[in-house]
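Notes for the one structure printed next.
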Amino acid sequence: MDMDSKNITRIRLSIEEILLDMREHFGSEVPCTLTMGRKWGRHFLMLEVRGERFDPLEKKEQPEELSGWGGRLLANMGLTPVYLYKNGKNQILLKLPKKQVNPAIKLVGAVVLAVVSGLLGRMLPPETRALLDAGILTPLFDTFLRALSTVAGPMIFLSVAWGIFSIGDTAALGMIGKKMMLRFTGVTFFLTALSAIMSLPFFQVDMSVKNMDGSQLGSIFQMFLDIVPANVVQPFMEGNSMQIILIAAAVGIVILILGEQADTAARLVEQANYIVQYLMEIISAIVPFFIFISLFQMMISDSLDQIAGAWKPIAVYILFILLLLGAVLVYVAAKEKVSLPVLVRKMFPTFLITLTTASSSAAYGTNMNCCEEKLGISSCITNFGLPLGIVLYMPGTAINYLIVGMYMAVCYQVEINLSWLLIAVVITSILAIATPPIPGGGHTCYTVMFLQLGIPEEALALTMTLDLIFDFISTAASQTFLQAELILQADKLGFIKKEVLRTNEGA
């Protein structure tokens, strides 16, 4: 099998450690069988020892191994050994990685191919382009999104539930979970409010103080109440991310509190998490193809022509995102003493995927790999913080809603005063949290936002067109903000490997 010597050494050392643990438990006289083979185009190793149930992969008590085997050598390769107990045999299954082209090369290649094909496609007759769009591109695009939507809900639920349980104890949950949730929510409000202040020179704002409408405040309160689902099934059917995350957090906390009494439930969640993560790997493998389809579709359609006249909110939004994102990355680089170019290069693959797909779910695997292997963040943080942050921490989306709301208010002559602006900051921040992390997830949120801000429904037509661009930029910005925030929180909690973060390797 074609694999570099460094990874071969990591696998050998990890297998040796497993064998030592088994010999210590069963004794040196018990035979161990090693099987090597290939299944579904992927090489694997299988260790088998007959005897009572013994899992050498269970978390040790050492502080540096809070995340279990995720913090060991195999995790640096993106591999996870799986323990099974069948027919009186303890089995350790390790699926080895395939030789892959650099993901960045595949992504850039998809972008270049889409642009070239799109330019050539523009030469086709309008009828042919419309037929190609409606008959082939749109069905492929929608099919991929349905696959993402199918896996996204269970993925977030299982990742959060298992991530909370794998923290280890309720004290750690209180320390990590409370700080993380408060930081996500607080920073989103702060960045949105800062954007509102920055937008004053670009929009007509009356700074006089007027009384806030009680119905508006009541609607905001109702948004918080609606986080509690009516039943367990409905959130998954509707794709309500906030309700899913609430159920997942409750399940994870209960499993954590019950401990050994809920051992069967914990293993069920763990195994289901492996299944969903594997499905996500399959979907992620065709992300470059999806990038090609989405960009090619935009190139040959009239969408770009329709939004050409609405350049102002796009320009303002891009300016704000560049300034705020640049300031955050400079702050992280200075605080963590890491080179800014190195930090940007490590984050770029995730940024590129989200920029071209408008889906944080499509970039989930790449994002997880970047956080743990390139940025040095412990899986104790990423297993819980990444899926939670995808839902709770979307400052790029909140700023997007704010800019679009202010622009549409100006277009339809809705007075923007201090009271209106304060309500807008609150509503857009909350709606950003409630937005499903999939392409087009903000469409329903615009309807709610316009109703609360007094913007006519006629504005939805242009807004939906503008959202074709905003959705891509806001998702990419939010995921980069999230990576930066996870670095800061992991550092504060002591769950980061700074030597990994600062090295040029993997950048």
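Here the numbering used here is used: the first residue of the sequence shown is -8, the next is one more, and so on.
Just so it is clear, CB atoms sit at the ideal spot from N, CA and C, and this is done for glycine as well.
On a predicted model such as this, the values are computed, not experimentally measured, just so you know.
Since residue i contacts residue j with CB under 8 Å, what's their CB separation in whole angstroms?
i      : j      : result
Tyr308 : Asn391 : 6 Å
Leu453 : Ala301 : 6 Å
Gly112 : Ile291 : 4 Å
Ile366 : Ile266 : According to the sequence provided, residue 366 is Leu. The question's Ile does not apply to it. Wrong, their Cβ atoms sit about 27 Å apart, outside the cutoff.
Alpha carbon to alpha carbon, what distance is there between residue j and residue i?
i      : j      : result
Leu185 : Pro386 : 11 Å
Tyr47  : Asp12  : The question names Tyr, yet the displayed sequence has Pro at residue 47. In a straight line, the C-alpha of Pro47 is about 6 Å away from that of Asp12.
Lys30  : Ser108 : 36 Å
Asp133 : Ala325 : 42 Å
Val242 : Ile248 : 10 Å
Leu492 : Thr141 : 34 Å
Ile305 : Gln225 : 36 Å
Pro22  : Thr255 : 29 Å
Cys361 : Ala105 : 25 Å
Lys170 : Phe180 : 15 Å
Pro430 : Thr26  : Unreliable positioning characterises Pro430 in this predicted model, as indicated by a pLDDT of 49, which lies under 50. A coordinate reading is not provided.
Phe35  : Met172 : 39 Å
Lys488 : Leu131 : 41 Å
Pro72  : Arg3   : 13 Å
Leu237 : Tyr355 : 20 Å
Ser465 : Ser370 : 26 Å
Gln474 : Gly485 : 16 Å
Asn264 : Tyr384 : 22 Å
His16  : Gly42  : 10 Å
Taking all protein chains shown into account, decide if residue i is buried (16 or more other Cβ within 10 angstroms of its Cβ) or exposed.
i      : result
Val40  : buried
Arg137 : exposed
Ile273 : exposed
Glu476 : buried
Asp458 : buried
Arg174 : buried
Phe280 : exposed
Ala125 : exposed
Met399 : buried
Thr24  : exposed
Gln480 : buried
Thr438 : exposed
Glu323 : Checking the displayed sequence, the identity of residue 323 turns out to be Val instead of Glu. Buried is the call here.
Ile9   : buried
Starting from residue i, follow the alpha helix (DSSP H) in both directions and report where the run begins and ends.
i      : result
Met338 : 331 to 348
Gln225 : 225 to 229
Phe311 : 302 to 327
Cys402 : 386 to 402
Quick one, which of the options has its alpha-carbon nearest residue i's?
i      : options                        : result
Glu396 : Leu422, Arg33, Leu313          : Rather than Glu, the amino acid found at residue 396 in this sequence is Gly. Closest option to Gly396, Cα to Cα, is Leu422.
Asp482 : Ala467, Ile460, Leu343, Lys328 : Lys328
Asp462 : Ala475, Glu448, Phe486, Cys436 : Cys436
Lys303 : Phe193, Ala415, Arg493         : Phe193
Val99  : Phe45, Lys80, Thr341, Leu85    : Thr341
Ala240 : Leu314, Ala354, Val102, Leu379 : Leu379
Pro145 : Leu451, Glu229, Cys402, Phe17  : Glu229
Leu191 : Leu442, Ala450, Leu409         : Leu409
Ile418 : Ala389, Tyr403, Ile407, Ile446 : Ala389
Thr183 : Thr494, Ser420, Leu451, Phe486 : Ser420
Leu259 : Thr357, Phe148, Leu451, Gly317 : Phe148
Met440 : Ile464, Met359, Ala415         : Ala415
Cys402 : Ala263, Pro447, Glu7           : Pro447
Leu413 : Val196, Thr24, Ala467, Cys371  : Val196
Met189 : Ile460, Pro117, Leu310, Val103 : Leu310
Met338 : Ile277, Ala467, Ile244         : Ala467
Output the boundary residues of the beta strand (DSSP E) element that contains residue i.
i      : result
Asn81  : 80 to 86
Glu490 : Taken as a continuous stretch (DSSP letters only), Glu490 belongs to no beta strand (DSSP E), being part of the alpha helix (DSSP H) at 489 to 493.
Arg29  : 23 to 30
Phe35  : 33 to 41
Leu75  : 73 to 77
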